[in-house]
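These notes are about the structure you will find just below.
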Amino acid sequence: EAGVTQSPTHLIKTRGQQVTLRCSPISGHTSVYWYQQALGLGLQFLLWYDEGEERNRGNFPPRFSGRQFPNYSSELNVNALELEDSALYLCASLRGLKNTEAFFGQGTRLTVV
Amino acid sequence: ILNVEQSPQSLHVQEGDSTNFTCSFPSSNFYALHWYRWETAKSPEALFVMTLNGDEKKKGRISATLNTKEGYSYLYIKGSQPEDSATYLCAFGTNSGYALNFGKGTSLLVTP
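In the order they appear, the protein sequences are chains A and B.
So the first sequence is numbered by this note's numbering: it starts at 1 and just counts up by one.
So the second sequence is numbered by this note's numbering: it starts at 114 and just counts up by one.
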């Protein structure tokens, strides 16, 4: 069974640009979470998608957005990149309910210069 | 956003020592408490998911307990080994629309 896959693994962007990160959950998992880990900080919750709907978003500005497709894969979009957006972005999938374990992808390391 | 607190922030023990960490979470609307291990250059991996007050789970030398009434969980490692060195994260989920929120983790270093 394939795990959670994220692409790209590394990315360098210039301040002001836009970026799209992608996540493919484990087959059968309908719920996708996005997290940001900036240097020195813990996992900060960004977005939660379940069954194609955005269920909750964290305390991030509107330039962070995303969507979930009918096959449950997900995209995270960040517009107008700022230097402090440099971080590891992790995607996790769950079978649906929060009483099941989350499976994480390997992450996308975004550097904004 | 629901605050999940973990302590200590970091821990350095000798091989063979036993150790424990604490995760504190809001006791209202409890649904599930997760523990993950995150090794350097890898993805976080689930250790336990607990849902019932009084739950105790064990995997090898690692075990966890849950107290939902007072809002805390303990993770124990018996006879720490260097390969146990990692960041241990807990995450809390409610039965409402809130997401799975993680604490900042406890960084464990086990030296021979």
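Just so you know, even glycine gets a beta-carbon here, dropped at the ideal spot from N, CA and C.
No experiment lies behind these values; they were computed from the predicted model shown.
- Residue burial is scored here from C-beta neighbours: L39(A) has fewer than 16 other C-beta atoms within 10 angstroms and is therefore classed as exposed.
- Where K13(A) is concerned, the enclosing beta strand (DSSP E) starts and stops at 10-13.
- Here A159(B) has H147, Y149 as same chain residues with Cβ atoms under 7 angstroms from its own Cβ, once five neighbours each way along the sequence are excluded.
- A direct Cα-to-Cα measurement between R15(A) and G28(A) gives close to 37 angstroms.
- G66(A) has a beta carbon lying at 9 angstroms or more from every beta carbon in chain B.
- Membership of I190(B) in the beta strand (DSSP E) is indicated by the continuous run 185-190.
- According to the DSSP secondary-structure assignment, N133(B) is paired through a beta bridge with Y189(B).
- Under the 10 Å beta carbon count, V32(A) is surrounded by 16 or more other beta carbons and is classified as buried.
- With contacts defined by Cβ atoms closer than 9 angstroms, C136(B) and S176(B) do not form a contacting pair.
- Contact of Q106(A) with chain B is assigned, a C-beta pair being separated by under 9 angstroms.
- For chain A, the residues of the region 149-181 of chain B that bring a beta carbon within less than 7 angstroms of one of its beta carbons are S156, P157, A159, V162, T164, in chain order.
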